[in-house]
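Okay, structure first, notes after.
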Amino acid sequence: MASRDLAESLLPVGGGAATATATATAHDEYDERAYDSDDKVSIAVSDSDSEDGGGGGGDAMPPALFVAQAVALLSARLGVATGKHLAELCREEYPPWATRALWAMTELALVGADIQEVIGSAIAIKILSAGTVPLWGGVVITAFDCFIFLFLENYGVRKLEAFFGVLIAVMAVSFAIMFGETKPSGKELLIGLVVPKLSSRTIKQAVGIVGCIIMPHNVFLHSALVQSRKIDTNKKSRVQEAVFYYNIESILALIVSFFINICVTTVFAKGFYGSEQADGIGLENAGQYLQQKYGTAFFPILYIWAIGLLASGQSSTITGTYAGQFVMGGFLNLRLKKWLRAMITRSFAIIPTMIVALFFDTEDPTMDILNEALNVLQSIQIPFALIPLITLVSKEQVMGSFVVGPITKVISWIVTVFLMLINGYLILSFYATEVRGALVRSSLCVVLAVYLAFIVYLIMRNTSLYSRLRSAMTKST
Numbered sequence: 001m002a003s004r005d006l007a008e009s010l011l012p013v014g015g016g017a018a019t020a021t022a023t024a025t026a027h028d029e030y031d032e033r034a035y036d037s038d039d040k041v042s043i044a045v046s047d048s049d050s051e052d053g054g055g056g057g058g059d060a061m062p063p064a065l066f067v068a069q070a071v072a073l074l075s076a077r078l079g080v081a082t083g084k085h086l087a088e089l090c091r092e093e094y095p096p097w098a099t100r101a102l103w104a105m106t107e108l109a110l111v112g113a114d115i116q117e118v119i120g121s122a123i124a125i126k127i128l129s130a131g132t133v134p135l136w137g138g139v140v141i142t143a144f145d146c147f148i149f150l151f152l153e154n155y156g157v158r159k160l161e162a163f164f165g166v167l168i169a170v171m172a173v174s175f176a177i178m179f180g181e182t183k184p185s186g187k188e189l190l191i192g193l194v195v196p197k198l199s200s201r202t203i204k205q206a207v208g209i210v211g212c213i214i215m216p217h218n219v220f221l222h223s224a225l226v227q228s229r230k231i232d233t234n235k236k237s238r239v240q241e242a243v244f245y246y247n248i249e250s251i252l253a254l255i256v257s258f259f260i261n262i263c264v265t266t267v268f269a270k271g272f273y274g275s276e277q278a279d280g281i282g283l284e285n286a287g288q289y290l291q292q293k294y295g296t297a298f299f300p301i302l303y304i305w306a307i308g309l310l311a312s313g314q315s316s317t318i319t320g321t322y323a324g325q326f327v328m329g330g331f332l333n334l335r336l337k338k339w340l341r342a343m344i345t346r347s348f349a350i351i352p353t354m355i356v357a358l359f360f361d362t363e364d365p366t367m368d369i370l371n372e373a374l375n376v377l378q379s380i381q382i383p384f385a386l387i388p389l390i391t392l393v394s395k396e397q398v399m400g401s402f403v404v405g406p407i408t409k410v411i412s413w414i415v416t417v418f419l420m421l422i423n424g425y426l427i428l429s430f431y432a433t434e435v436r437g438a439l440v441r442s443s444l445c446v447v448l449a450v451y452l453a454f455i456v457y458l459i460m461r462n463t464s465l466y467s468r469l470r471s472a473m474t475k476s477t
């Protein structure tokens, strides 16, 4: 379980944030403060945002990484203390209509992440085949690789976990080699870690980075992965011991993830900050730029980049498949065979990805725009994972003696509200600058009203005010 849990926590290791933050840093103020942790090569989504000029969005990465790990710890605590995962508990806690709505939101985020995984893996395959396999061909190959991993699991979970370990090692070594080639300033790197910069014009990138690190479906997955070890929840000492060791695993995952992210962003920041190429760097051509800058006949950095990209994409594919099974089974109490569940989810991801691969070439910014939009999509789904999680870990009826304390509860709500405010800022900015036409504006207003109403319902449902209002409405009818 350790390797699989580590890989799941690493999932934000490069991609979405990976080249996303990296190229953003290359566009703007380098200062060699390239820490930007690029989490998520696993989704390999580089939203370079070349038209905006990037810049500084990656400064959101370190705090986002720590928030993601804190959420993982709460999720694991919930799973260990209750013996159930978050989706199952949501089905028990909320009425059917709310349960289905939460499921729909989580599935939407899951499909978005799956699209990113497919894109990153397809690009890596194209690079490794020296262009022999076109982008659409890589999409087709990636469409079926999750079934290979499910087949591997039939030979034992330990073998699958060992495969996870190999993928993580490949990622770490690949990006460490690139990092070593840049020879960054350790002093400036440390300054960038301690004193990050985030300008107002890069809020969209920052929100996207948050979305690709604190992935909603991973919140549900963390609480389910701890179920792979049988724990007697009636014995407090055994539960405490399990929580302790899961905390160690999560901290280890944070350290490895942080290391990989620093490597990726530093490479791009030092190599391309202030250069003419910066605005042209995107996910699909990032490898070529790296080769031009650092590569030689004896140091094929293009292929090192592609190997790391493919490894991270495949590790994310496996965990995405697992997350989908737990989400559907928990929310809907629907049991599907793993291959059928994987086929359904992957189909939703393949269709839009194939369209992009067929109709847009390497120089077209559509691929990067799609990745950025998917990161933002996942970010606005975050409340539908965090609010139920915090609600449940704060209930003594659910957690028993393992209910979180008042300080943890308050801090968790503050972070959640802060994330929602950031999302609100992004949505309002998008509405003011991008939305045109009365019909479109009106339709979006309706969608936003429903979105906000559901969030308010989830927050207020367990308050005394909600109970009084519901009682008053019942009496009036």
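Residues in the sequence shown are numbered from 1 upward in steps of one, following full-length UniProt numbering.
Virtual Cβ for every residue (Gly too), placed ideally from N, Cα, C.
So is residue i buried or exposed if we call it buried at 16+ other beta carbons inside 10 Å?
{"i": "Asn371", "result": "buried"}
{"i": "Ile125", "result": "buried"}
{"i": "Thr353", "result": "buried"}
{"i": "Leu110", "result": "buried"}
{"i": "Leu469", "result": "exposed"}
{"i": "Gly186", "result": "exposed"}
{"i": "Trp339", "result": "exposed"}
{"i": "Met460", "result": "exposed"}
{"i": "Gly138", "result": "buried"}
{"i": "Leu135", "result": "buried"}
{"i": "Ser48", "result": "Confidence at Ser48 is low in this model, with a pLDDT of 31, below 50, so the placement of that residue should be treated as unreliable; the coordinate-derived value is given next. Result: buried."}
{"i": "Pro96", "result": "exposed"}
{"i": "Arg436", "result": "exposed"}
{"i": "Ile414", "result": "exposed"}
{"i": "Ser442", "result": "exposed"}
{"i": "Glu92", "result": "exposed"}
{"i": "Glu249", "result": "buried"}
{"i": "Val450", "result": "exposed"}
{"i": "Phe244", "result": "exposed"}
{"i": "Ser394", "result": "buried"}
{"i": "Ile351", "result": "exposed"}
Between which two residues does the alpha helix (DSSP H) containing residue i stretch?
{"i": "Gly320", "result": "301 to 332"}
{"i": "Leu439", "result": "438 to 460"}
{"i": "Ile231", "result": "Counting along the chain, Ile231 falls outside any alpha helix (DSSP H), and DSSP gives it neither H nor E."}
{"i": "Ala130", "result": "Run containing Ala130: none; DSSP gives neither H nor E here."}
{"i": "His222", "result": "216 to 225"}
{"i": "Leu89", "result": "86 to 93"}
{"i": "Pro388", "result": "383 to 393"}
{"i": "Asn423", "result": "406 to 433"}
{"i": "Leu290", "result": "286 to 294"}
{"i": "Val398", "result": "396 to 399"}
Can the beta-carbon of residue i be found closer than 8 Å to that of residue j?
{"i": "Asn423", "j": "Ile380", "result": "yes"}
{"i": "residue 480", "j": "Leu389", "result": "What is shown of the chain runs 1 to 477, which leaves residue 480 out entirely."}
{"i": "Gln291", "j": "Ile307", "result": "no"}
{"i": "Ala76", "j": "Val226", "result": "yes"}
{"i": "Ala172", "j": "Phe66", "result": "no"}
{"i": "Ile168", "j": "Ser316", "result": "no"}
{"i": "Ala143", "j": "His217", "result": "no"}
{"i": "Ala269", "j": "Gly79", "result": "no"}
{"i": "Leu108", "j": "Leu377", "result": "yes"}
{"i": "Thr82", "j": "Phe384", "result": "no"}
{"i": "Phe147", "j": "Ala311", "result": "no"}
{"i": "Gly165", "j": "Leu309", "result": "no"}
{"i": "Leu221", "j": "Phe326", "result": "yes"}
{"i": "Asn179", "j": "Thr266", "result": "The question names Asn, yet the displayed sequence has Phe at residue 179. Cβ atoms of Phe179 and Thr266: closer than 8 Å."}
{"i": "Leu254", "j": "Gln69", "result": "yes"}
{"i": "Ile231", "j": "Val239", "result": "yes"}
{"i": "Leu73", "j": "Asn247", "result": "yes"}
{"i": "Ile262", "j": "Ala64", "result": "no"}
{"i": "Ser401", "j": "Lys236", "result": "yes"}
Check whether the Cβ of residue i lies closer than 7 Å to any heavy atom of the ligand PLP, and answer yes or no.
{"i": "Ala323", "result": "No copy of the ligand PLP appears in this structure; indeed no ligand is present at all."}
Contact criterion: CB-CB distance below 8 Å. Does residue i meet it with respect to chain D?
{"i": "Pro184", "result": "Absence of chain D from the displayed structure is noted, only one protein chain being present."}
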